[in-house]
Amino acid sequence: MTSFTERVYAAVKKVSAGQTRTYKEIARAAGKPRAWRAVGNVLNKNRDARIPCHRVIRSDGTAGGYARGTRAKMKRLAAEGVYVKP
DNA sequence: CTAATGACCATTA
DNA sequence: ATAATGGCCATTA
554 MTSFTERVYA AVKKVSAGQT RTYKEIARAA GKPRAWRAVG NVLNKNRDAR IPCHRVIRSD
614 GTAGGYARGT RAKMKRLAAE GVYVKP
């Protein structure tokens, strides 16, 4: 399948530990620079632990949302040495 | 096909 | 600082 969802997964998988990408960047990497909204939707529905969806943050530098709670997301990022705006 | 949803973005007040 | 507004797009029912 070469659906948008698949490309988003692939793009997120490429992000290494300690790095972060914005939803916009992921959308651009997926070939749809204006689909940041849909990217959030995809990651929200995604439950695959192989996909580091917690490394995807908002353009403002804030953590953004997370299925298990924004708290958990920030905690995870902090554990990788990444600081996000409160 | 339509309508609704949302882990967004940027601007404005 | 917060709140509201308009725009934007794939997925799902």
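Counting the first sequence from 1 gives a position; this note's numbering is that position plus 553. Built from N, CA and C at the ideal position, the CB exists for glycine as well.
By how many angstroms is the C-alpha of residue j removed from the C-alpha of residue i?
i    : j    : result
I610 : K585 : 17 Å
K626 : K638 : 12 Å
V529 : A632 : The question about residue 529 has no answer here: the residues shown for the chain are numbered 554 through 639.
N594 : E559 : 13 Å
Y636 : T555 : 33 Å
P605 : K628 : 14 Å
R621 : E578 : 23 Å
T623 : L630 : 11 Å
R590 : L596 : 10 Å
With a 10 Å radius around its C-beta and 16 neighbouring C-beta atoms as the bar for buried, classify residue i as buried or exposed.
i    : result
R608 : buried
Y619 : buried
A616 : buried
R587 : exposed
Rounded to the nearest angstrom, how far is the Cβ of residue i from that of residue j, given a contact under 8 Å?
i    : j    : result
G571 : G634 : 5 Å
*Go through the stretch 571-639 residue by residue and report every complete run of the alpha helix (DSSP H) that reaches 4 residues or more, in order.*
Within the stretch 571-639, the complete alpha helix (DSSP H) runs of at least 4 residues are 576-582, 589-598, 623-632.
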